[in-house]
Amino acid sequence: MQKETAQIRIRINHQIRVPQVRVVLEDGSSPGILNTGDALKMAQDLGLDLIEINPKTIPPVVKIADFGKHKYSEKKKQQEIKKNQKVHEQKEILLRPNTEIGDLTHKLNAAKEFLTDGHSVKFTVRFRGRELTHPDVGRDKLDWMLEQLTGLIQPTHVSMEGKFMHMVVSPIK
Numbered sequence: 357m358q359k360e361t362a363q364i365r366i367r368i369n370h371q372i373r374v375p376q377v378r379v380v381l382e383d384g385s386s387p388g389i390l391n392t393g394d395a396l397k398m399a400q401d402l403g404l405d406l407i408e409i410n411p412k413t414i415p416p417v418v419k420i421a422d423f424g425k426h427k428y429s430e431k432k433k434q435q436e437i438k439k440n441q442k443v444h445e446q447k448e449i450l451l452r453p454n455t456e457i458g459d460l461t462h463k464l465n466a467a468k469e470f471l472t473d474g475h476s477v478k479f480t481v482r483f484r485g486r487e488l489t490h491p492d493v494g495r496d497k498l499d500w501m502l503e504q505l506t507g508l509i510q511p512t513h514v515s516m517e518g519k520f521m522h523m524v525v526s527p528i529k
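In my numbering, the protein residues as written are 357 to 529.
(1) In the DSSP assignment, what are the bridge partners of F520?
(2) Please report the Cβ distance between L451 and F479, rounded to the nearest whole angstrom; I am assuming they are in contact, meaning their Cβ atoms lie under 8 Å.
(3) I need the DSSP call for I368, collapsed to helix, strand or coil.
(4) Hey, quick one: how far does the alpha helix (DSSP H) through K497 stretch, first residue to last?
(5) If distances are taken between C-alpha atoms only, which option among E445, R484 and E456 comes closest to P527?
(6) Could you tell me the boundaries of the beta strand (DSSP E) in which G388 lies?
(7) Span of the beta strand (DSSP E) holding I409?
(8) Measuring only the C-alpha atoms, how far is E503 from R365?
(9) Assuming I332 and L404 form a contact by the criterion Cβ under 8 Å, report the distance between their Cβ atoms to the nearest whole angstrom.
(10) If I measure Cβ to Cβ from K529 and keep anything under 6 Å in the same chain, skipping five residues before and after, which residues do I get?
Right, dumping it as structure tokens:
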């Protein structure tokens, strides 16, 4: 299965079919609004391309530049933006109402590590069978976790959905 990428189609040279355009040169100066044919002739005289920068304005903004260099610089900008993005992953820690204190401290240490790495943590208490009649036991486990994590997390709330009790905590910025 091929991964399709949605790319914006950039119109260049003869693909620009509007009567007038606002021209910007490579150095940033602007000769103003010209007929598309005149702008295309100017670009060809300089040995460059007419590249549509902003098609939504009236008249559209075009730049006289080398299309290959323009494409390369845009690709570099996109890579820089992607590199600077932070991906926040959500980690999940699964508990049961009868999880013992030793196991809870082990899971607590894992949660602290996740939080210091900048991830949010989802605590899930899974109830089975008759355990569902005592949701307060699971709530006590989550409250204990909250007590231990004070100072590391932002305030949160606990929700119950079916046989699962959830609490999502995120680190303090």
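Yeah, the Cβ is synthetic: ideal placement off N, Cα and C, and Gly gets one too.
Per the coordinate set shown:
(1) R482 and E517, per the DSSP bridge assignment.
(2) Between F479 and L451 the Cβ distance is about 6 Å, and since that is below 8 Å, they are a contact.
(3) Looking at I368 - three-state DSSP - the assignment turns out to be strand.
(4) P491 to L505 is the extent of the alpha helix (DSSP H) around K497.
(5) Looking at the Cα atoms, E445 is the closest of the given residues.
(6) Counting along the chain, the beta strand (DSSP E) containing G388 begins and ends at G388 to N391.
(7) Where I409 is concerned, the enclosing beta strand (DSSP E) stretches over D405 to N410.
(8) Taking C-alpha positions only, E503 is separated from R365 by approximately 54 Å.
(9) No answer is possible for residue 332: the residues shown for the chain start at 357 and end at 529.
(10) Apart from sequence neighbours up to five positions away, no residue of its chain approaches K529 with a beta-carbon distance below 6 Å.
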